[in-house]
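Position 34 of the sequence shown, counted from 1, bears residue number 795 in our numbering, the numbering being contiguous throughout. Heads up, the beta-carbon is just placed ideally off N, CA and C, and yes, glycines get one too. This one's a predicted model, so the numbers in the text were calculated from it and none came from an experiment.
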Amino acid sequence: MKVAKQLIASNVCEYLLYMWQIEDTLRAFSLDTDRIAKEYVSRFQLSDSEAREEMEWIENLVRMMREEGCVESGHLQMNQGTLSLLVDLHQQLLRSPKHPFYSAAYYKALPFIVELRAKSGKEETGELETCFNCLYGVMMLRLQGREVSSETQAALADISHLLALLADAYKREKNGELEL
Numbered sequence: 762m763k764v765a766k767q768l769i770a771s772n773v774c775e776y777l778l779y780m781w782q783i784e785d786t787l788r789a790f791s792l793d794t795d796r797i798a799k800e801y802v803s804r805f806q807l808s809d810s811e812a813r814e815e816m817e818w819i820e821n822l823v824r825m826m827r828e829e830g831c832v833e834s835g836h837l838q839m840n841q842g843t844l845s846l847l848v849d850l851h852q853q854l855l856r857s858p859k860h861p862f863y864s865a866a867y868y869k870a871l872p873f874i875v876e877l878r879a880k881s882g883k884e885e886t887g888e889l890e891t892c893f894n895c896l897y898g899v900m901m902l903r904l905q906g907r908e909v910s911s912e913t914q915a916a917l918a919d920i921s922h923l924l925a926l927l928a929d930a931y932k933r934e935k936n937g938e939l940e941l
């Protein structure tokens with residue numbers, strides 16, 4: 762919970778990737794909160810009150826995952842909502858003549874996005890979701906100690922740059938500093 766709060770304030774794109782990882786972590790423990798407490802939360806050096814807060818947050822996530830049918834796959838509505846907000850902002854930035862650097866980064870990443878979508882076989886997946894899927898997939902490969910191809914690394918660089926610009930725009934928008 763503490764990490765999620767820090768990330769939502771500093772970088773919404775990293776926050777979303779973190780939340781996807783939390784969803785998968787909870788699934789890895791079969792949404793069993795006793796196991797999560799014993800085998801996951803106990804690994805962190807938390808005070809008793811911090812551990813209780815963390816478990817309360819996790820229990821709420823587990824409840825939502827069950828209620829929303831995200832037990833085996835998919836994303837929580839709150840995470841889908843965050844992605845939807847980012848898609849809206851992305852579209853506004855592309856339409857705005859005040860953000861040529863964002864548009865340039867988008868068009869530089871677009872061939873990779875199209876290729877990744879085609880390779881995934883999920884043509885209906887939106888462009889930004891494809892970007893997040895790419896970053897998340899590479900993160901999982903690295904956690905497994907697997908190699909990332911040079912082609913994927915090239916795509917990753919441009920996609921990461923685009924999402925960094927989007928995260929910055931989101932933060933500026935939340936602070937009332939973004940002109941569209």
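Residue i burial status per 10 Å Cβ neighbour count (16 or more: buried)
i	result
V875	exposed
T786	exposed
Y867	buried
A915	exposed
E815	buried
L855	exposed
R813	exposed
E890	buried
R878	buried
N840	buried
A770	exposed
Nearest-angstrom Cβ-Cβ length linking residue i and residue j, presumed shorter than 8 Å
i	j	result
M826	E784	7 Å
W781	H836	7 Å
F862	L924	With a Cβ gap of about 14 Å, F862 and L924 do not count as contacting.
Y779	L792	With a Cβ gap of about 18 Å, Y779 and L792 do not count as contacting.
L850	A930	6 Å
Residue i to residue j span [Cα, whole Å]
i	j	result
T886	A928	20 Å
K766	V773	10 Å
Y897	L904	11 Å
M832	D795	As written in the sequence, residue 832 is Val, which differs from the Met given in the question. Approximately 16 Å, taken between the alpha carbons.
M900	E940	33 Å
I920	A870	6 Å
N821	R788	14 Å
E811	F805	10 Å
V764	L777	12 Å
G830	E934	32 Å
S881	L917	15 Å
E888	L807	38 Å
V848	V909	27 Å
F893	A865	19 Å
K799	I819	13 Å
F873	E912	9 Å
V802	F790	12 Å
Q852	L844	12 Å
DSSP three-state assignment for residue i, whether helix, strand or coil
i	result
D793	coil
E940	coil
G906	coil
Secondary structure, alpha helix (DSSP H): runs of 4+ residues fully inside the stretch 855–900:
The stretch 855–900 contains, as complete alpha helix (DSSP H) runs of 4+ residues, the segments 861–881 (chain order).
Which runs of the alpha helix (DSSP H) at least 4 residues long sit entirely within the stretch 762–837? Give them in chain order.
Here the runs fully enclosed are 763–771, 773–789, 809–828.
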